[in-house]
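Asks: So the protein lines, in turn, are chains A and B. The numbering of the first sequence is this note's numbering, which starts it at 163 and goes up by one. The numbering of the second sequence is this note's numbering, which starts it at 1155 and goes up by one. Built from N, CA and C at the ideal position, the CB exists for glycine as well. This is the structure, below, for whatever I ask next.
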Amino acid sequence: MSKLIVRTIDLSKVYRRGKVNVPALNNVNLQVSSGEIVGIMGPSGSGKTTLLNIIGGLDKPTQGKIFVDGVDITSLNEKDLADYRLKKVGFIFQFYNLIPILTALENVEIPLALMGAPKDERRERALSLLRVVGLENRADHKPDELSGGEQQRVAIARALANNPSIVLADEPTGDLDSKSAMAFMKIVRDLNRRNNQTFIIVTHDPLVVEQCTKIYTIRDGRVESA
Amino acid sequence: MFSWSLAVRNLKRRRLRTALTASGIVVGISMMFILLSLVSGMETQARSMVRALGGADITVSNSTSFRDRMGGGGFFGALPSPSTLDASIAETISGIPGVYAVSPQFSFSGSINSRRVTVYGIEPPLFEVVTGGLNIVEGRFLSENSYGEIVMGKALMEILNLTLGQTVSLSASQEEEERIFAVVGVFETGMIFQEYVGYISLADAQNITGEYGLVTQILVKCEDPSMVSDVASLISSTVPGVRVTTPTAAIQQASQMLNTLTMFFATIGLVALFAGSFGVTNTMIMSVTERTREIGVLKAIGAKNHDIMKIFLVESLLIGLIGGGVGVAVGSILAYAFPMLTSGLFAAGASPFGMRNPFSSAVNPELGGRATSPIMFATPAITPLNITICFSLGALVGILAGLYPAWRASRMKPVEALRHV
């Protein structure tokens, strides 16, 4: 059995909407082993994105703990949390979220630049990542010159830039046609097999679900194993 | 990092907004630049005047300024001839306690080889004692009983195409008879406009003009510099009908006006800069709001607060630099245009802001200085220091105006920023 990379303990999140408390997560206990492709499913508003954001260090739980690689990230301060996001996790969003004025190559370079990598090294690594996702010949194109599928592949390359141990994806194929969605999942599987990278993917897409090694369903803030 | 290319491209993407925002800075910076250039120009002049006014502590002249209003004209034109005093007044003054030496002189607007210049008739030994003499670079100064000799400024020699030892024809005015003088010496002052001047003996000057026994100014040197104001008031109370001036007082008056001018321009410039900085802040707040989602993405992929802060600060700094650069350029053009615009006013005896132009009085012959044209007032000096100051000021305003928006951007919560549409 491979080691646990993510473990949540009694994770709860309550949003305050004015005077009303809205529970989003309710005592979630989740375990993800290294090298898995985990799918998280559930109806909208069930707390999937909240869970993903908390694992990714973008949001803090109201209660409970999350251990990533043995470190309780709920105890990290803002700066260490940013460092955690930079080095440990890669993020992929539904709407790609590339910086519109930067080229594909430069978008992939951002995390490397944030790490303080020298320009030449940055360029070289970004190019090799674009090669992995099959876009080295589109390196100098801006996002609006790329198709949705191509943009999402740039986003994968960006998420992988600092070689994170976990890649988090929030409905990554939600805005893609089935051909692009399949191409996306092929890359995910290849990376997973080759680098033993862990993926946690929030999705509705059956194309994604069938490639996952484990599926969790969230309903009303509670996790049900499938 | 990529902050610079990000900032450059964002500013380029919104050219018009960038240009309008930067123009707010341009107004302020060009104001400041003109101000600094003018002040530098005036300082240079004031310094050279202090030098030119040299050793004479006090100047005594007739209380009515000029005999005629001819003269003038032209950039380096001669001044009108001043009113005269009886030469015996010099004797009276030399008897006043505290007076070390007096040097009577007769200055007039004459013509050397048909060019109108100011000519000083002096008594060479007394002149040297009182003023410290001229800076002779070729030949010699006038001899004690000089007759038919002239010492001329280097610039005047050049413009008349003369060399040492040649002769010139000198007359008091075009209609009058010319006399021949030998050029025995050439002096240099470092300021060209002070070199369009000739020195002859007092006797020769009185001869040419026919004003025997008269002088136009009496230069006084005191026994001690600290006694100057006491001696000056003693002279004005003892000798009736004279104007007593102390060059240092004139310089003080000049620098006082310089300060007033500086304050005036500085206030306008600062107000303009202040207004411009609001424009920058406003634009940056807009920019931050528009790019909220982008901020969220950058934070999600690991950007720290200071990374975000830097991105926006660099952008507002760039606006400041553009404003500073264009402001310096516009300011330079205006500073060059300024003397042309105002020379007409000064020539007509007016001066800006309804104040008396102190420099024209500081150097006119009443004070015993070498003549200069009042137009020389306010020739701006564009110095590297001023360029640096204004450029940095633009940058500083850019950064200060961008601090709040950048801080706001850096403090955004990533989850909320990502939710922003």
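Mapping the DSSP letters down to three states, classify I216/A as helix, strand or coil.
Replies: helix
Asks: So, do the stretch 1378-1394 of chain B and the stretch 1292-1305 of chain B have three or more beta carbon pairs nearer to each other than 8 Å?
Replies: no
Asks: Please name the residue, chosen from L1472/B, G1275/B and C1376/B, that lies closest to S1177/B on a Cα-to-Cα basis.
Replies: L1472/B
Asks: Counting beta carbon pairs with one atom in the stretch 223-232 of chain A and one in the stretch 198-206 of chain A, are three or more of them shorter than 8 Å?
Replies: no
Asks: Using the rule of at least 16 other Cβ atoms within 10 Å of the residue's Cβ for burial, across every protein chain shown, is L1280/B buried or exposed?
Replies: buried
Asks: Quick one: is N358/A buried, meaning 16 or more other Cβ sit within 10 Å of its Cβ, or exposed?
Replies: exposed
Asks: Per the contact definition of three or more C-beta pairs closer than 8 Å, is the stretch 1323-1341 of chain B in contact with the stretch 1253-1268 of chain B?
Replies: yes
Asks: Residue range of the beta strand (DSSP E) that N189/A falls in?
Replies: First-last of the beta strand (DSSP E) with N189/A: V182 to S195.
Asks: Indicate the three-state DSSP secondary structure (helix, strand or coil) for P1519/B in the structure shown.
Replies: Here the model assigns P1519/B a pLDDT of 39, short of 50, so the residue's position is not dependable and the matter cannot be decided.
Asks: Just by C-beta distance, which residues in the stretch 1464-1479 of chain B are closer than 7 Å to chain A?
Replies: none
Asks: What would DSSP say about E386/A, mapped onto helix, strand or coil?
Replies: strand
Asks: Using the beta-carbon of each residue, which ones in chain A are nearer than 9 Å to K1458/B?
Replies: E240, K241, A244, D245, L248 and L276
Asks: Tell me whether R381/A sits in a helix, a strand or coil according to DSSP, three-state version.
Replies: strand
Asks: Closest to E1448/B by CA distance: which of E240/A, I263/A and S164/A is it?
Replies: Of the listed residues, the one whose Cα sits closest to E1448/B is I263/A.
Asks: Look at V194/A and I167/A and say whether their C-beta atoms are less than 8 Å apart.
Replies: yes
Asks: Go ahead and label M1509/B buried or exposed: buried means 16 or more other beta carbons lie within 10 angstroms of its beta carbon, across all protein chains shown.
Replies: The predicted model places M1509/B with a pLDDT of 36, which falls under 50 and marks its position as unreliable; any figure quoted below should be read in that light. Looking at its Cβ environment, which holds fewer than 16 other Cβ atoms inside 10 Å, M1509/B is exposed.
Asks: Would you kindly report the start and end of the unbroken beta strand (DSSP E) that includes R1333/B?
Replies: R1333 to F1341
Asks: Rounding to the nearest angstrom, what Cα-Cα distance links G1479/B and A1489/B in this structure?
Replies: 15 Å
Asks: Nearest CA to the CA of V1214/B: which residue from P1568/B, L1373/B, G1485/B and L1539/B?
Replies: L1373/B
Asks: State the Cα-Cα distance for the pair Y1558/B and V295/A, rounded to the nearest angstrom.
Replies: 40 Å
Asks: Select from G278/A, K348/A and K341/A the residue whose C-alpha is nearest the C-alpha of C374/A.
Replies: K348/A
Asks: Using a 10 Å radius around the Cβ and a threshold of 16 neighbouring Cβ atoms, would you call D332/A buried or exposed?
Replies: buried
Asks: Using a C-beta cutoff of 8 Å, does E271/A count as contacting chain B?
Replies: yes
Asks: State the Cα-Cα distance for the pair A1563/B and W1158/B, rounded to the nearest angstrom.
Replies: 17 Å
Asks: Below 8 Å between beta carbons: does that hold for V1393/B and T1246/B?
Replies: yes
Asks: Go through its chain and collect everything with a Cβ distance to F255/A's Cβ below 6 Å, but skip five positions before and after it.
Replies: D332
Asks: Throw me the rounded Cβ distance for the A301/A and L267/A pair, which I believe falls under 8 Å.
Replies: 4 Å
Asks: Please list the terminal residues of the continuous alpha helix (DSSP H) segment that includes N367/A.
Replies: According to the sequence shown, residue 367/A is Asp rather than Asn. Where D367/A is concerned, there is no enclosing alpha helix (DSSP H), given that its DSSP letter is neither H nor E.
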